[in-house]
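**Student:** Just so it is clear: in the sequence shown, position 470 is 473 by this note's numbering, and no numbers are missing.
Each residue gets a CB set at the ideal place from its N, CA and C atoms; glycine is no exception.
These numbers come from a predicted model, not from an experiment.
Next up is a structure, given as C-alpha cells.
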Amino acid sequence: MRHLETETFIYEFQHELRNILRENPEIETVNHLEGLPRHFLNKILAPNPLSVFIPSKYGGRGDNPAHCLSLLEGAAYESIAIGLMLGINGSLFLEPVAKYGQTEAKDRVFQSFLKNSSLGGLMITEPDFGTDALSMRSSFSESDRGYSLRGSKHWGGLTGLADFWLVTARKGEENGNLKRDINLFIVENSQPGQKIDVEEYYNKLGLFLIPYGLNKIDVTVPTRSKLIPHTSGVKLLMDLLHRSRLRLSGIGLGFIKRMLDESIKHCQQRYVGGKNLLGYDQVQHRLSQLQAWYTINSAMCYYTARVSGVENNLTSFGLQANSTKAVLTDMMQSAAQSLLQLTGAKGYRRDHIAGRAVADSRPFQIFEGSNDVMYSQIADAILKEMKKKKETNFYTFLRQFELTKNIAGYYKQILDFNLDPESLQRARLALGKMIARLITTEFVLDLSKAGFRTDLIDNAIQVVGDTIAEQATSFTRLRKIHVIERYRDGGDWKILGLNQSK
Ligand SMILES: Cc1cc2nc3c(=O)[nH]c(=O)nc-3n(C[C@H](O)[C@H](O)[C@H](O)COP(=O)(O)OP(=O)(O)OC[C@H]3O[C@@H](n4cnc5c(N)ncnc54)[C@H](O)[C@@H]3O)c2cc1C
C-alpha cells in the first residue's frame, strides 16, 4: 500500500515540478550565484520529496532504492540540476546519516528535513586535493566540547545554502601529522560554533541553480555528530561513494529519456530538403545510439535497485559502481551533444534544453571520480586479476570473470587478443572503457531476462559492439608520446611565411 502510495507521490511530484518550471523559467536560465532563491526552493520542496530517502522509523517514506531512483529519474527528466540537488541530499547526506549516524543526531536531522524542508550536502574536495582526496589536509581534534574541525573545502554542492553538511577530515596527531583514516562529521550551520563561512561563490558554467564555492571550515560539533564507521572511515567513504555513483543512474535515466524524447520530437517536426529529419540515415544513427543509451541506463537502474539498499555494504563494489558512473556520464554528455547537433542553432541557447543540457551534464564526467581516473582504475583492477590468474588472453579471462561472463561471448571477435600488463596509461584507459562497457552491458542481459523489450536490448548490444570495436582499434595503434612544452621555438608558421615572402 505504502509502496503504491509512494509511486503515486513521485508521479505527482514530477508533474508539479513540470508546472513550476514552466511558470518560472528563470529557475534554470538565470545563473543563481548564491543558489536558487528560497521562495523557489520552497515551492519545489513543498511536497517533501526528500522524505523518500528517510527511513520509515523516523517518519520518512522508507528509503527504498527503487523509489529513490524513480524520484531522481522523475526530477531529472524535468531538470537535471533539480535531479542532482535531490541526489546530493539523498545519496551524499541523508543515506550516510541513516546508515552511520548516531541515534540522537538522526532524530534531529530527519525531523529538520521533514518539518523545515532542510537541505544537506557533502564536503570532500579541497583546493589542493580533488582526485587525490585521501591526502586531504582538513583536520580534526577531540576535546570535551566535541570535535573541532579546520580546513578549506570547495565545490561542495549547495555551498552557502545547505543547512547541514557532512564534512570529511583526518585526525591531527600531536607531532602535527595527520592520521591516514578519514572521518565524517555532521555540521549544523544554524548552531553556535558550527557556521561554515563561504569565502567565495564560483561563477559556474552550468547547473545554475546549485551554488558552489570556497568554504572555510573552523567549527566545533558535539560528540553525537561523528558518523560511526563499521570498520574504517575510508571504507565508510567507499561504501558511500559507490552507492552514490550507482544511484547517479536514476538522474541519468531521467536526463537521457528527456534527450531521447526531445530528439525524436524535434526530428519529426523539422523539415530539411523536403523531408523530416527522421528520413536521414545519420539522424537515425544518432537516435539509435540515444535509444541504446536509454536501454543501458535502464539496466543500470534495474541493477542498482537490487543492490544499493543502505543495509548492503558496497565497499567492494568498485568495479560495478565505477563502471556505471563512467559509462553513464559519458552517455549523458554524448546524448546532450547529439540533441544539440540535431536541433542546430535553435538549440544553442541557455533557454533551450539542448544548450543547457550540454553544460549541465558535463561536470558529471568530472565529479564523484574523474572518468579518466575511473577507467584507468578499472583497467588496473582487471589487469591485476588477470595476472593473479596467469591469464593473458583478454577474451578467455572475460568469459570466466563473474561480471562479464555472459556478455563476453557476444563480442568474441573483438575481444580475442593478448594483453600487455605494462601497457601505457592511455592503453589502459581504452581497456578500462571497454571493460566498463562490458560490465554494464552484462546488466542489460539481466534486464533482458526480466522481460524488457527485445528490440531495445538487441539495439543496445549492437551499439556497444560498435563502441568497443572502435576502442579495440585505437588500443592497438597507440605509440609513446611526449608533449613538446616549448613548442613555439621553431613552431610559428608566420616567421617561416615572412622569410619566404622577402
Ligand atoms: C559541478 C561540480 C560539483 C561538485 N560537487 C562536489 C560535492 O558536492 N562535494 C565535493 O566534495 N566535491 C564536489 N566536486 C568536486 C569534484 O569532486 C572534483 O572536482 C573532482 O574530484 C576532481 O578534482 P579536481 O577538480 O581537483 O581535479 P584534479 O584532481 O586536479 O584532476 C583534474 C584532471 O586531471 C586528470 N587526472 C588526475 N589524476 C589523474 C590520474 N591519476 N590519471 C590520469 N589523469 C588524471 C583527470 O583528467 C582529472 O579530471 C564537484 C565538482 C564540480 C565541477
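Figure out for me which residue from 475, 427, 455 and 463 has the closest Cα to the Cα of residue 485.
**Tutor:** For the residues 475, 427, 455 and 463, the minimum Cα distance to residue 485 belongs to 427.
**Student:** Here's the rule I'm using: 16 or more other beta-carbon atoms within 10 Å means buried, otherwise exposed. How should residue 70 be labelled?
**Tutor:** By the 10 Å Cβ count, residue 70 comes out buried.
**Student:** Excluding the 5 residues flanking residue 490 on each side, which residues of the same chain have their C-beta closer than 7 Å to its C-beta?
**Tutor:** Hits under 7 Å: none found.
**Student:** Which ranges does the alpha helix (DSSP H) cover as unbroken runs of at least 4 residues, wholly within the segment 28-114, from first to last along the chain?
**Tutor:** Counting only runs of 4 or more, we get 29-32, 41-48, 68-81, 83-92 and 98-103.
**Student:** Please report the straight-line C-alpha distance between residue 153 and residue 182, rounded to a whole angstrom.
**Tutor:** Approximately 15 Å, taken between the alpha carbons.
**Student:** Which residues in the same chain have their Cβ closer than 6 Å to the Cβ of residue 4, if we skip the five residues on either side of it in sequence?
**Tutor:** Model confidence at residue 4 stands at a pLDDT of 46, short of 50, so the residue's coordinates are unreliable; what they give is reported in the following sentence. Cβ within range, chain order: n/a, list empty.
**Student:** Would you mind sorting residue 501 into buried or exposed? The rule is 16 or more other CB atoms within 10 Å of its CB.
**Tutor:** Exposed.
**Student:** Is any non-hydrogen atom of ligand 1 found closer than 6 Å to the C-beta of residue 470, if you look at the structure I gave you?
**Tutor:** Not so, every heavy atom of ligand 1 lies at least 6 Å from the Cβ.
**Student:** Just list the beta strand (DSSP E) runs in the segment 400-428, keeping only unbroken ones of 3 residues or longer that don't cross its boundaries, in chain order.
**Tutor:** Counting whole runs of 3 or more residues, the segment 400-428 contains no beta strand (DSSP E) stretch at all.
**Student:** If you measure from the CB of residue 141, is any heavy atom of ligand 1 nearer than 6 Å?
**Tutor:** Checking the Cβ of residue 141 against ligand 1 gives no.
**Student:** Confirm, please, whether the CB-CB distance from residue 342 to residue 357 is below 7 Å.
**Tutor:** Yes.
**Student:** Can you give, in chain order, each stretch of the alpha helix (DSSP H) that sits fully within the segment 200-276 and has at least 4 residues?
**Tutor:** Complete alpha helix (DSSP H) runs here, min 4: 236-272.
**Student:** Report the three-state DSSP secondary structure of residue 129 (helix, strand or coil).
**Tutor:** Three-state result, residue 129: strand.
**Student:** Which residues in the same chain have their Cβ closer than 7 Å to the Cβ of residue 352, if we skip the five residues on either side of it in sequence?
**Tutor:** Once the five neighbours on either side are set aside, the close Cβ partners of residue 352 are 358.
**Student:** As a quick exercise: from 232, 147 and 198, pick the residue whose alpha carbon is nearest that of residue 219.
**Tutor:** Checking every option, the nearest Cα to that of residue 219 belongs to 198.
**Student:** Assign residue 54 to one of two classes, buried (16 or more other C-beta atoms within 10 Å of its C-beta) or exposed (fewer than that).
**Tutor:** Per the 10 Å Cβ criterion, buried.
**Student:** Give the range of the beta strand (DSSP E) segment to which residue 144 is assigned.
**Tutor:** Run containing residue 144: 142-146, per the beta strand (DSSP E) assignment.
**Student:** Ordered along the chain, which non-local residues of its own chain (more than five positions away) have a Cβ less than 6 Å from that of residue 433?
**Tutor:** Excluding residues within five positions, the ones whose Cβ falls inside 6 Å are 474, 477 and 478.
**Student:** Where does residue 488 sit, in a helix, a strand or coil, going by DSSP?
**Tutor:** Of the three classes helix, strand and coil, the one that applies to residue 488 here is coil, per DSSP.
**Student:** Should residue 364 be labelled buried (16 or more other beta-carbon atoms within 10 Å of its own) or exposed?
**Tutor:** It is buried - the Cβ of residue 364 has at least 16 other Cβ atoms within 10 Å.
**Student:** Quick one: give me the first and last residue of the alpha helix (DSSP H) that residue 326 is part of.
**Tutor:** From DSSP, the alpha helix (DSSP H) with residue 326 extends over 321-346.
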